Amino acid sequence: MDKYILLSFLIGLCFAGCGIAFWLKGKILAKRFGAAETQAFEIVERAKIKAENFLKEAELEAKDRLIKLKSDFDTETKETGAELEKQERHLFQKEEKLDKKIEQIEEKALSLTRREHSLKNKEKEIEKNEKSALSIVEEQEKKLETIAGMTFREAKEFLLKSMENEAKYESVKFLKQIEAETKEAADKKAKEIIATAIQRYAGDYVSQRTVSVVGLPNDEMKGRIIGREGRNIRSLEAATGIDFVIDDTPEAVVLSGFNPVRREVARLSLEALIADGRIHPGRIEEVVKKAEEEVEQIIKEAGEQAVFDLGIHGIHKELIKYLGRLKFRTSYAQNVLQHSIEVGSLSGVIASELGLNPKLAKRIGLLHDIGKSIDREVEGTHALIGARLAKKSGEKSIVINAIAAHHEETPVSSVYDWIVQAADSISGARPGARKEIIENYIKRLEDLEGIANSFDGISNSYAVQAGRELRVLVESGNKSDEDAFLLSKEIVKKIEETMTFPGQIKVMVIRETRAIEYANK
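Each residue of the sequence shown is one higher than the one before, counting from 10 in our numbering.
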């Protein structure tokens with residue numbers, strides 16, 4: 010019982026302690042709350058004071074800005090007004106000037122009107138005087154026609170014709186004199202240069218044909234070449250592209266074809282087969298292939314040798330190959346590679362004598378006929394084909410143009426073009442350099458004489474010096490010396506336009522006077 014009382018007392022004591030603690034805590038919180046409330050009030054009061062101060066400062070600043078803006082506006086307004094006044098004065102001055110100019114223009118217009126009237130009056134007077142003068146001239150012309158016995162138009166035509174003839178003959182005399190003087194000096198210098206060039210270069214000439222002949226050890230070899238039912242000869246012709254002519258010619262086979270490289274392959278192949286003795290289609294293909302490789306090597310070596318002989322550097326490998334192909338090409342029976350080397354050498358000598366670049370001249374001379382290596386395979390003239398090959402191989406424009414212009418198919422652009430043309434003519438025109446078929450030769454002589462006889466006043470003409478010279482006889486009664494001079498130029502022009510020929514042709518017009526008398530008894 011005591012335990013319960015004690016327990017109840019302790020519990021009551023605990024509740025009492027808790028109540029005291031809550032009461033003390035409430036006191037403390039109330040005190041803190043009052044302090045916080047006081048502090049908050051003070052903060053609010055200070056904030057109000059700052060806000061009032063900030064508002065006052067803002068009002069003051071706004072007033073200052075307003076005053077400043079008003080001041081700036083007043084200043085700007087004054088400046089704008091002053092500028093407007095200035096522009097107004099300027100416009101007023103311009104208006105005054107324009108008024109003065111308008112007055113001056115009006116005065117000038119009045120003056121021009123007066124002058125126009127005056128000019129019209131003078132024009133009428135001039136027309137009247139002109140009519141009077143024309144009537145006087147007509148009267149004088151009629152009097153002159155009556156005195157002279159010819160009309161005014163006839164007299165005018167007679168006078169113009171006589172003046173034209175006189176001027177023509179005077180110009181021909183003057184031209185002849187200048188040409189003679191120039192030709193004398195030019196011939197002297199040209200002969201020195203060409204003589205020097207020819208003296209320094211001497212090339213051997215070898216005549217080549219469009220057929221090759223292969224010798225046989227005996228006539229029995231012909232049958233082996235033909236083979237059973239002609240299979241061997243058909244294989245040879247198919248592999249080489251050349252015709253094998255086996256006829257009654259003893260111990261010989263003729264190889265015929267316009268392609269010289271193929272003809273050389275065929276010749277080497279046939280000689281190898283004859284030496285080997287084994288002739289059948291399989292062996293033929295092997296030998297032809299080997300011969301083609303051999304010819305390619307010969308072509309390469311020939312091109313390299315030509316370049317080396319002239320001391321030229323930097324030529325493209327393809328151009329060297331095309332040069333080598335010229336070893337088997339002929340023109341009027343002249344070997345084209347030898348001709349090209351000769352032209353290159355002559356061009357270099359001529360260029361040296363003229364103080365030009367001899368290496369460039371040699372290069373152009375060597376390459377000038379490069380187009381002949383493929384002119385039978387490609388459309389076009391050999392000059393233009395060669396120019397395209399040179400351009401493709403990266404040659405300079407001066408070289409390309411000289412190749413294209415060496416037969417004057419394109420306009421000449423440099424002195425090297427003329428040098429190569431001269432060297433080409435020297436190489437082709439020298440005795441023994443070129444040969445022609447007899448029919449072509451005779452036809453050329455007939456054409457030359459026919460061209461000369463087509464002109465009026467020709468008594469006769471003769472082609473001499475193997476067609477290198479044309480002598481034309483004219484009647485002295487029909488042609489004067491000046492006419493003969495002009496006639497030679499006209500004949501040369503027509504020959505150049507209508508004929509194709511190697512080298513050059515000299516045209517000589519001869520005007521002779523014959524005195525004929527008869528003795529009678």
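Glycine included, every Cβ here is placed at the ideal spot set by N, Cα and C. Here the structure is a predicted model, which means the values were calculated and not measured.
Hey, would you say residue i sits closer than 8 Å to residue j, going by beta carbons?
i    : j    : result
K371 : S349 : no
L482 : S470 : yes
V222 : A261 : yes
V304 : E327 : no
R233 : I251 : no
A431 : I359 : yes
K381 : V429 : no
R453 : F494 : no
G476 : I519 : no
H322 : V352 : no
L319 : S354 : yes
T433 : M508 : Here the sequence assigns Asp to residue 433, which means Thr is not the residue at that position. No; because the gap between Cβ atoms is not below 8 Å, this pair is not in contact.
E491 : A472 : no
Going by DSSP, name the residue or residues bridged to residue i.
i    : result
T47  : T47 pairs with nothing; no bridge assigned.
M517 : R480
V222 : V263
S470 : V481
N227 : Its beta-bridge partners do not exist; DSSP assigns none.
Once the 5 residues before and after residue i are set aside, which same chain residues still bring their CB inside 6 Å of it?
i    : result
V254 : V263, S265
R218 : Low confidence applies to R218: its pLDDT is 47, below 50, so where it sits in the model is not reliable, and the reading given next is rough at best. None.
V421 : A414
F24  : none
I407 : S423
L22  : none
With respect to the beta strand (DSSP E) encompassing residue i, which residues constitute its N-terminal and C-terminal limits?
i    : result
F253 : 252-254
Could you pull the start and end residues of the alpha helix (DSSP H) that residue i belongs to?
i    : result
N241 : 240-249
F317 : 290-319
V421 : Neither: V421 is in no alpha helix (DSSP H) and is coded neither H nor E.
E327 : 326-334
N529 : N529 -> no alpha helix (DSSP H), and no H or E assigned at all.
E388 : No alpha helix (DSSP H) contains E388, which DSSP labels as neither H nor E.
T507 : 490-507
I409 : 406-414
R372 : 367-376
S278 : 269-285
Among the residues of its own chain, which have a CB less than 7 Å from the CB of residue i, if the five just before and after it don't count?
i    : result
V501 : V516
H325 : S402, G403
A461 : I467, S470, L479, V481, I500
R209 : Confidence is the limiting factor: at R209 the pLDDT is only 49, short of 50, which leaves the residue's position unreliable, though a coordinate-based value still follows. Closer than 7 Å at the Cβ level, and outside the excluded window around R209, lie V358.
A211 : Low confidence applies to A211: its pLDDT is 44, below 50, so where it sits in the model is not reliable enough to give any reading.
A392 : G380, I412, A413, H415, H416, E418
E246 : D252, F253
In chain order, what residues of the same chain have a beta carbon less than 8 Å from the beta carbon of residue i, not counting five sequence neighbours either side?
i    : result
T522 : S485
A248 : S278, I293, E294, V297
R385 : F267, N268
T390 : G380, D384, H416, E418
P226 : E260, I283
D256 : V263
Between residue i and the ligand FAD, is the CB less than 7 Å from at least one heavy atom?
i    : result
Q314 : Of the ligands one can find in the structure shown there are none, so the ligand FAD has no counterpart to examine.
- Message: With three or more C-beta pairs closer than 8 Å as the rule, is the region 296-315 touching the region 260-280?
- Response: Taking 8 Å as the limit for Cβ pairs, the verdict is that the region 296-315 does touch the region 260-280.
- Message: Quick check: the region 280-296 against the region 264-272, are at least 3 beta-carbon pairs closer than 8 Å?
- Response: No, the region 264-272 does not touch the region 280-296.
- Task: Evaluate the contact criterion for the region 386-400 versus the region 411-429: three or more CB pairs, one atom per stretch, below 8 Å.
- Result: Under the Cβ criterion (8 Å, minimum of three pairs), the region 386-400 counts as touching the region 411-429.
- Query: Is the number of C-beta pairs between the region 366-380 and the region 424-432 that are closer than 8 Å three or more?
  - Reply: Counting Cβ pairs under 8 Å, three or more are found: they touch.
- Count the C-beta pairs between the region 238-255 and the region 310-321 that are closer than 8 Å, then say yes if the count reaches three, no if not. These segments do not touch.
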